[in-house]
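4 protein chains.
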Amino acid sequence: MPLKYSSNLLVVQTEIRIRFSEVDSMGVVWHGNYLKYFEDGREAFGRKHGLGYLDFFNNNILTPLVSIECNYKLPLIYGDAAIIYTKYIDCEAAKLLFEYKILKKDTNETIVTAKSTQVFLNSNRELMLTFPDFFIEWKRKMGIIRVC
Amino acid sequence: MPLKYSSNLLVVQTEIRIRFSEVDSMGVVWHGNYLKYFEDGREAFGRKHGLGYLDFFNNNILTPLVSIECNYKLPLIYGDAAIIYTKYIDCEAAKLLFEYKILKKDTNETIVTAKSTQVFLNSNRELMLTFPDFFIEWKRKMGIIRVC
Amino acid sequence: MPLKYSSNLLVVQTEIRIRFSEVDSMGVVWHGNYLKYFEDGREAFGRKHGLGYLDFFNNNILTPLVSIECNYKLPLIYGDAAIIYTKYIDCEAAKLLFEYKILKKDTNETIVTAKSTQVFLNSNRELMLTFPDFFIEWKRKMGIIRVC
Amino acid sequence: MPLKYSSNLLVVQTEIRIRFSEVDSMGVVWHGNYLKYFEDGREAFGRKHGLGYLDFFNNNILTPLVSIECNYKLPLIYGDAAIIYTKYIDCEAAKLLFEYKILKKDTNETIVTAKSTQVFLNSNRELMLTFPDFFIEWKRKMGIIRVC
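Chains as they are written, first to last, in the numbering used here: chain A, -6 to 141; chain B, -6 to 141; chain C, -6 to 141; chain D, -6 to 141.
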């Protein structure tokens, strides 16, 4: 009996404030620091929806990133407040996809967009080719999977 | 008189050793730290070929990243030695492209591949739609531009 | 007419949550990351009391750290919530002193204590041997200075 | 038969070059980054003298920092080359002490001095009140311990 996936999208918002130590000598956030913000976003998503590193970890599953792609539109400077939008993208392959958009809080301008792909490793650190049971259960709970 | 660009490629190698502070709680280099290594690679390229941040800076030009794309193949752990290959990719648009490959030193395995795009901002921090003179001069010196 | 300083203390609390990227391969916050948390504390103090980097910056004054001293008592791990207490310590010399204490939120255990010293540099980046006017004004406003 | 400790000092030199991502918006190395450089120094010491994290780790011993103290004298900027001097300081208590001095390479000016203290934790992460055997053996090999 085949599984079907809805086009369901889940988004979590997180507010950050730019730290002095995150700004480079051009006076703007150093581009590499955005990967921390995306991780903040994924963590906020995980805390809200029971899909954090620790939830995976407690199921003996690791979820390393295998790719990330960022497009930088406008800079942020020290003291700026910004909102990270982290969107879960459902996928039929045994992968975990998120899309990110960071907006400057006071102007609503788009600062960065990005997209990351994670895979599942089992307790022997081997690549899993199918979804872990824990994750299928999570999808069901979230209404993402609908059995035909 | 039109300019032509050769398919000339320029590659610089840089050796790094993984720091304790760069490794995460899974015991592997945190994925965001690779952006520092790529920057190390660009800097090494710049120092060798007269195309560093300071060379641009002294010409009143900034070169912020507008996109980066990384593909993670295998992890590095604390103490590993690795080689960053940073390759200049010539381009007809007013952009600066680099491709990166990081290999584990002792096994020659590919750890990460990546590609970045930078643009040119003038002294008013406005996007330049054509190459700065300084950069055209650099291309000429490097034998990348050939006048017909 | 000599100035006198009260022993007035000012404390600001800031809550942080430990990021995955801040934890090292022993599973605890890497010791160097606490300096970011202290800076978070100073910034929160500055935002609350009009004494942030930007307030100094707008008065053409830089306040680089000249010393820091940290004592680590207990570790924090990924996902922990903690409270930074940042205490302004008044001082007769032309210096800016803060003391920090970080407590684990749920147990109230002391994690780290620390103390930092900053100096004032004028617009030529020269050491100022007396307090900048702006800062004397701030002390007055805060009731720290009492004229005899 | 009591052990005696000589006043033997051991120093290792490490060269670093300041990365763009290590410089803050004042154009100088962000003060917290020096803790990475000190760790670079300890690691270089460890690699040279068989006293690295992995040597401890392989003996089931962890050596967390319990205190660090830094005094900042002069700034370093992007591209500067500097030398870290890492000095082992022998001590009768069950601690591991290092002193650090960072000099700017081309001028020999002192940039920062610092000192760190580490303790020994056994495989249960309990504080060890006496030196681990492995470390006594190391001291003997280094000629630091002299049996009367």
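Where a beta carbon is used, it is the ideal one built from N, C-alpha and C, also for glycine.
Small disclaimer: the values here were computed from a predicted structure and weren't measured.
Here DSSP, grouped into helix, strand and coil, assigns F113(D) to coil.
For the pair V21(D) and S116(A), the Cα-to-Cα distance works out to about 44 Å. Closest by C-alpha distance to F49(B), out of I138(B), G136(B), Q111(B), I137(B), is Q111(B). Per DSSP, the unbroken alpha helix (DSSP H) holding K132(C) starts and ends at 126 to 134. According to DSSP, N64(C) shares a beta bridge with T106(C), S60(D). Residue nearest to E92(C) within the set S109(C), T103(C), I104(C) is S109(C) (criterion: CA-CA distance). Assigned with DSSP and collapsed to three states, Y71(A) falls in coil, not helix or strand. The closest CA to that of I137(D), considering only N52(D), Y81(D), A75(D), R12(D), is found on Y81(D). Of P68(A), L114(A), L55(A), K98(A), the smallest CA-CA separation from Y27(A) is found for P68(A). Contact check between the segment 1 to 10 of chain C and the segment 24 to 42 of chain C: three or more CB pairs, one atom from each, fall below 8 Å, which counts as touching.
Listed as beta-bridge partners of V5(A) by DSSP are T79(A).
Among the bridge pairs identified by DSSP, F49(A) is matched with none.
Beta bridge pairing from DSSP links I95(C) with I77(C), V105(C). Proximity of K134(A) to chain C, defined by a Cβ-Cβ separation below 8 Å, is not satisfied. The C-beta of S60(A) comes closer than 8 Å to at least one C-beta of chain B.
Scanning its chain for C-beta atoms nearer than 8 Å, with the 5 sequence neighbours on each side dropped, one finds around L96(A) the residues A75, I76, Y78, E102, T103, I104, in chain order. By the neighbour-count definition (other C-beta atoms within 10 Å, threshold 16), L122(C) is an exposed residue. Chain-ordered listing is empty here: chain C has no CB closer than 9 Å to the CB of F127(A), the nearest sitting near 18 Å.
Counting only Cβ-Cβ distances below 7 Å, W23(C) has contacts in chain B at S14, in chain order.
In terms of beta-carbon proximity, E8(D) stays away from the interface with chain B, with every pair separated by 8 Å or more. For Y71(C), the nearest CB of chain B lies under 8 Å from its own CB, placing it at the interface with that chain. DSSP places L28(C) within a helical segment (H, G or I) once states are collapsed to three. Chain C has no Cβ within less than 8 Å of the Cβ of Y93(A). As a beta-bridge residue in DSSP terms, V16(D) pairs with V22(D).
Per DSSP, the beta bridge partners of L89(C) are Q111(C). Secondary structure of R40(D) (DSSP, three-state): helix. Annotation: G45(C) to S18(D) spans about 14 Å, alpha carbon to alpha carbon. The Cβ neighbour count for E85(D), taken over all protein chains shown within 10 Å, is under 16; the residue is labelled exposed.
In the DSSP assignment, R118(A) is bridged to no other residue. In the assembly as shown, L120(B) is an exposed residue. Its beta-carbon has fewer than 16 other beta-carbons within 10 Å. Judged by beta-carbon spacing, C63(A) lies beyond the 8 Å limit of S14(B), meaning their Cβ atoms are not closer than that value.
Chain-order list of chain B residues neighbouring K98(D): empty, with the shortest C-beta distance near 15 Å, by a criterion of under 7 Å.
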